[in-house]
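The block underneath contains the structure these notes are about, expressed in structure tokens.
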Amino acid sequence: IIEIYGPESSGKTTLALHTVAEAQKKGGICAFVDAEHALDPVYARKLGVDLENLLISQPDTGEQALEICDTLVRSGAIDVLVVDSVAALTPRAEIEGEMGDSLPGLQARLMT
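The sequence shown begins at -6 in our numbering and counts up by one.
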């Protein structure tokens, strides 16, 4: 597991997409869990990503994203899995909750 972190617009997604493109060139199977719902297909193609052979998921909740990741990893069928981004993995309770609800530690519990 490799975590790429840095400020907004510092190239984290670009680096991840380059990794996907290189793995695909070597015949690897790659998946992209787009928690931010922000994958730009035109940009990904420019970086060499073969979108026709990229497994793309845009989950609605953090739990859904992690279930997808777990299934993909346990299948043993993929070589590279990108989650973009961990910060966008919003817990279901936060999405379904009311404004002003106090929900301390939800994302931390989601990630354990």
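Even glycine gets a Cβ: it sits at the ideal position worked out from N, Cα and C.
Around the C-beta of Thr6, 16 or more other C-beta atoms lie within 10 Å, and the residue is accordingly described as buried. The region 40 to 54 and the region 18 to 26 touch, with three or more beta-carbon pairs separated by less than 8 Å. Measuring C-alpha to C-alpha distances from Glu60 to each of Glu15, Ile22, Pro34 and Leu82 identifies Leu82 as the nearest. Residue state for Ser68 is assigned as helix, using DSSP reduced to three classes.
Separation of Arg38 and Pro84 (C-alpha to C-alpha, rounded to the nearest whole angstrom) is 31 Å.
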